[in-house]
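First comes the structure, then the notes that go with it.
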Amino acid sequence: MPANPARISQITQAARAATQSDASVKVLSLGARDVEVVSALYDYGAATTEVTRQFDLMKVARNIYQITLIQQNGQCQVGQSITVKYPRFGLADGKVFMITGVSEQWGRGLTILTLWG
């Protein structure tokens with residue numbers, strides 16, 4: 006039985022690429038850049054789905070904040086989600102952030118969180 010030409014083409018390629026673009030992102034963010042993500046995804050359909058998922062995450066404006074909490078030592082972990090309500094920075098109604106960094110100062114009773122969202 007002869008091999009399928011499409012299959013031969015797929016397995017002999019060193020790499021495959023899937024792309025996603027949105028011109029409105031470059032208009033809103035003049036510093037927007039092309040991002041290349043290397044993965045071991047084998048199937049083109051799976052790669053296309055993944056590039057769309059990551060693109061949707063990256064194209065939304067995100068902020069990074071660092072906050073200091075008192076008497077919260079040991080209660081926060083990287084990867085947790087927390088809601089921050091603060092009268093400034095557009096956070097009056099509250100916004101969910103993911104904790105990307107935790108620094109504990111046990112002697113002073115302080116926890117410094119780096120938040121992304």
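Residues 6 to 122, numbered by this note's numbering, are exactly what the sequence shown covers, in order. Virtual Cβ for every residue (Gly too), placed ideally from N, Cα, C.
| request: Would you mind listing the beta strand (DSSP E) stretches within the region 31–111 that are 3+ residues and don't spill past its ends, in chain order? | output: 69–75, 86–89, 100–110
| said: Only counting the same chain, and skipping five residues up and downstream in sequence, which positions put a Cβ closer than 7 Å to that of R21? | reply: Walking along the sequence shown from the start, residue 21 turns up at place 16. Hits under 7 Å: Y49, A52.
| query | From E41 to Q25, what distance separates their C-alpha atoms? | reply | Looking up residue 41 in the sequence shown gives position 36. Looking up residue 25 in the sequence shown gives position 20. In a straight line, the C-alpha of E41 is about 11 Å away from that of Q25.
| said: Considering Cα atoms alone, identify which of V56, S86, K64 is closest to R38. | reply: Locating residue 38 in the sequence shown gives position 33, counting from the first residue. If we check each option's Cα against that of R38, K64 comes out closest.
| query | Should L62 be labelled buried (16 or more other beta-carbon atoms within 10 Å of its own) or exposed? | reply | Within the sequence shown, the letter at position 57 stands for residue 62. Exposed, by the Cβ-count rule.
| said: Here's a check: name, in chain order, each residue in its chain whose Cβ is nearer than 6 Å to the Cβ of A23, leaving out the five neighbours to either side. | reply: Locating residue 23 in the sequence shown gives position 18, counting from the first residue. Here the set comprises A52, T53, V56.
| task | Give the range of the alpha helix (DSSP H) segment to which T17 is assigned. | result | Translated into the one-based positions of the sequence shown, residue 17 becomes position 12. It spans 10–17 - the alpha helix (DSSP H) in which T17 sits, taken as one unbroken run.
| To the nearest angstrom, how far is it from the Cα of T105 to the Cα of A11? | Position 100 of the sequence shown holds residue 105. Position 6 of the sequence shown holds residue 11. Cα to Cα, the separation comes out at about 43 Å.
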